[in-house]
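Residue numbers (the working numbering), protein chains in the order written: chain Y, 624 to 1083; chain E, 141 to 231.
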């Protein structure tokens, strides 16, 4: 029982059942005073009236007549519940329907409850004992059989109902506990499996949209996210290992060649320069990863300030202008007036810079890259970088923002596959979105940021 | 270099520079005979606080170099391999 009581469902049901039983008893008590107690009072009143009537008649007609009247009255069986007994001074029966003077009734007049037996069934009666002026004793009363039956029925009924409520409450609680427990056990089992390492496991979704289904839904959502994150981390560490191994392996063979061939000082130093460049690439990867981690932590949100997207685009276009020129790419910019966002200007510049960098890198010679900042409606500002290069196949669009992902198109170009990850992270940081669209031909990247009210001056 | 009139001359020949090229040259001259890294240039000339993935700075430098060194025997703007650039009088 003790371990049963540890169940919340059972405890709640039991408390509820006890409260219900208590309520039942209170209602029963009220009904009792309304019916049974009142009936008893009425009977008492009837007996009192009758006793007074007999006393008057006795005083008028005397003992003999009353004895005859009493027997006649009893013999007519007018009222089967009526109890009458007339005795002489020594309590010897003269008339009435009691065989002898009851033991319970003393010599003093007053009210008594006596045990009687009528027609073979035991019963209880309420009698008024009066002493006549000539010393005769008179008992007037009522058989309380009906009242006793009613009282017993009442008590048994109320108690039985209370017990029934308690028992059914207990049974219902046990069943409820079983039902709840089976759902919880299912959740627990799955959770344990997940703890064991099976992250693909999901909680069984209930048939109804009840509390448990909502809970399992929320937990499943959490598991989805965790699996995604773990998957991401696993991928990233694989990718880091892979991407760091390549430049390090190159570095190693370069240095190994140097120690083996021992070339002239000129060649040695030029090889050392290359080695430093290899190391710089590795450091660059680490810097990019640290930067991503910093952005993802959301710490930089505290440094948000009003930013004019047009100014950000100006700077980026200015920075990448010569690079585009070198490939004879037309780099053009259009901006709507009065654009305001709250954000980190350096990160926004870096995000747009990465996009322009990609666009210039992948656009064909003599192509064009356009950079736009415009109102997107619904309180958003779009920063758009579009090119007419090879674009990204639809099935790769969802992957390119993953860390270290490199499209087939990008093989053979420099870069480690973190550029779009950073753009995505910057978008998330600014509560914005980042989408890759088809520019037909080429790629159109839209960085959608929530617009700020822009009451303060922009920071260039 | 005349900072007020924003004019640049080399050996009496006037050189026309874009505002950013002017700023770039000014920074290089203030750090003459010192190695200036790409990151320093990005932060001080462009106020850009991160590493771009590609060689944008190199392209800017080569444009500037064309303007100040073309037609002269001696190149002033030198590339320091795997470090950055240096504006120097020395050969």
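Just so you know, even glycine gets a beta-carbon here, dropped at the ideal spot from N, CA and C.
What number of angstroms, rounded off, separates the C-alpha of residue 981 of chain Y from the C-alpha of residue 859 of chain Y?
-> If I take the Cα positions, the gap works out to 21 angstroms.
Three-pair Cβ contact test at 8 angstroms for the region 762-775 of chain Y versus the region 787-796 of chain Y | Flag = no, the region 762-775 of chain Y and the region 787-796 of chain Y do not touch.
Using a Cβ-Cβ cut-off of 8 angstroms, state whether residue 982 of chain Y counts as contacting chain E.
-> Chain E, which has no Cβ nearer than 8 angstroms to the Cβ of residue 982 of chain Y, makes this no.
N- and C-terminal bounds of the beta strand (DSSP E) containing residue 946 of chain Y = Note, residue 946 of chain Y: premise wrong, no beta strand (DSSP E); alpha helix (DSSP H) at 932-949.
To the nearest angstrom, how far is it from the Cα of residue 783 of chain Y to the Cα of residue 852 of chain Y?
-> So the alpha carbons of these two residues sit roughly 60 angstroms apart.
Three-way DSSP call (helix, strand, coil) for residue 769 of chain Y in this model = Secondary structure of residue 769 of chain Y (DSSP, three-state): helix.
From which residue to which residue does the beta strand (DSSP E) around residue 585 of chain Y run?
-> Chain Y is shown only over 624 to 1083; residue 585 of chain Y falls outside these bounds and no answer can be derived.
Bridge-paired residues (DSSP) for residue 186 of chain E = Paired residue(s): none; residue 186 of chain E is not in a bridge.
How many Å lie between residue 646 of chain Y and residue 632 of chain Y at the Cα?
-> Rounded to whole angstroms, the separation of the alpha carbons of residue 632 of chain Y and residue 646 of chain Y is 21 angstroms.
Residue 159 of chain E by DSSP, collapsed to three states: which one?
-> Here DSSP, grouped into helix, strand and coil, assigns residue 159 of chain E to helix.
Can a CB atom of chain Y be found closer than 8 angstroms to the CB of residue 178 of chain E?
-> Residue 178 of chain E has a beta carbon lying at 8 angstroms or more from every beta carbon in chain Y.
If you scan the region 699-753 of chain Y from start to end, which runs of the beta strand (DSSP E) of 3 or more residues do you find wholly inside it?
-> Taking only runs of at least 3 residues, the beta strand (DSSP E) segments lying wholly in the region 699-753 of chain Y are 705-710, 716-719, 733-741.
Alpha-carbon to alpha-carbon, residue 815 of chain Y and residue 1034 of chain Y = With a pLDDT of 49 at residue 1034 of chain Y, under the threshold of 50, the modelled position of this residue cannot be trusted, and the question is left open.
Which whole runs of the alpha helix (DSSP H) in the region 638-693 of chain Y are 4 residues long or more, in chain order?
-> Considered as a whole, the region 638-693 of chain Y harbours 659-684 as its complete alpha helix (DSSP H) runs of no fewer than 4 residues, in chain order.
For residue 1071 of chain Y, collect the residues of the same chain with a Cβ closer than 7 angstroms to its Cβ; drop the 5 residues on either side in sequence, then sort them by chain order.
-> Contacts found: 999, 1003, 1005, 1055, 1056.
Please state if the CB of residue 907 of chain Y and the CB of residue 942 of chain Y are separated by a distance shorter than 8 angstroms.
-> Going by beta carbons, residue 942 of chain Y and residue 907 of chain Y fall outside the 8 angstroms limit.
For residue 186 of chain E, count neighbouring Cβ atoms within 10 angstroms of its own Cβ and tell me buried if that reaches 16, exposed if not.
-> Flag for residue 186 of chain E reads buried.
Could you please tell me which residues of the region 199-229 of chain E, in chain order, have their CB closer than 7 angstroms to any CB of chain Y?
-> Residues of the region 199-229 of chain E that bring their beta carbon within less than 7 angstroms of a beta carbon in chain Y comprise 199, 200, 203, 221, 222, in sequence order.
Span of the beta strand (DSSP E) around residue 837 of chain Y = Per DSSP, residue 837 of chain Y belongs to no beta strand (DSSP E); it is in the alpha helix (DSSP H), 834-884.
Could you tell me if the beta carbon of residue 751 of chain Y falls within a distance shorter than 7 angstroms of some heavy atom in the ligand MN?
-> Ligands displayed in this structure: none; no statement on the ligand MN is therefore possible.
Alpha carbon to alpha carbon, how far is residue 188 of chain E from residue 973 of chain Y? Give it in angstroms, no decimals.
-> Distance between the alpha carbons of residue 973 of chain Y and residue 188 of chain E: 8 angstroms.
Between residue 833 of chain Y and residue 818 of chain Y, what straight-line distance do the alpha-carbon atoms span, to the nearest angstrom?
-> Cα to Cα, residue 833 of chain Y sits roughly 26 angstroms from residue 818 of chain Y.
For a contact meaning CB atoms closer than 7 angstroms, what does residue 941 of chain Y contact in chain E?
-> Taking a Cβ-Cβ threshold of 7 angstroms, the residues of chain E close to residue 941 of chain Y are 160, in chain order.
State the DSSP-derived secondary structure class of residue 1061 of chain Y, mapped to helix, strand or coil.
-> In the structure shown, the three-state DSSP call for residue 1061 of chain Y is strand.
Whole-Å CB distance - residue 954 of chain Y paired with residue 992 of chain Y, under 8 angstroms assumed | The Cβ separation is near 5 angstroms, so the contact holds.
With DSSP run on the structure shown, which of helix, strand or coil describes residue 166 of chain E?
-> It is helical.
Going by beta carbon distance, what residues of the same chain come within less than 8 angstroms of residue 669 of chain Y, once the five residues before and after it are set aside?
-> Closer than 8 angstroms at the Cβ level, and outside the excluded window around residue 669 of chain Y, lie 765.
Beta-carbon proximity list for residue 686 of chain Y, same chain, < 7 angstroms, skipping 5 on both sides = Excluding residues up to 5 positions away in sequence, 757, 759 lie with their Cβ nearer than 7 angstroms to the Cβ of residue 686 of chain Y in the same chain.
Would you mind sorting residue 890 of chain Y into buried or exposed? The rule is 16 or more other CB atoms within 10 Å of its CB.
-> Around the Cβ of residue 890 of chain Y, a 10 Å sphere holds fewer than 16 other Cβ atoms; the residue is exposed.
Label residue 676 of chain Y either buried or exposed according to how many other C-beta atoms from any shown protein chain fall within 10 Å of its C-beta, with 16 as the threshold for buried.
-> Counting the other CB atoms within 10 Å of its CB gives residue 676 of chain Y a total below 16, which places it among the exposed residues.
Which residues of chain Y have a Cβ atom closer than 8 angstroms to the Cβ of residue 196 of chain E, listed in chain order?
-> Residues of chain Y with a Cβ closer than 8 angstroms to the Cβ of residue 196 of chain E are, in chain order, 942, 943, 945, 946, 980.
The alpha helix (DSSP H) enclosing residue 984 of chain Y, as first and last residue numbers | Looking at the DSSP string, the run of the alpha helix (DSSP H) that includes residue 984 of chain Y is 968-985.
Check the Cβ-Cβ distances between residue 949 of chain Y and every residue of chain E, and say whether any is below 8 angstroms.
-> Yes, residue 949 of chain Y counts as interfacial toward chain E.
Report, in whole angstroms, the separation of the C-beta atoms of residue 697 of chain Y and residue 732 of chain Y, which I expect to be a contact under 8 angstroms.
-> Contact doesn't hold; Cβ gap of about 21 angstroms is too wide.
List, in order along the chain, the chain Y residues whose C-beta lies closer than 7 angstroms to that of residue 189 of chain E?
-> Neighbourhood of residue 189 of chain E in chain Y, by CB distance below 7 angstroms: 969, in chain order.
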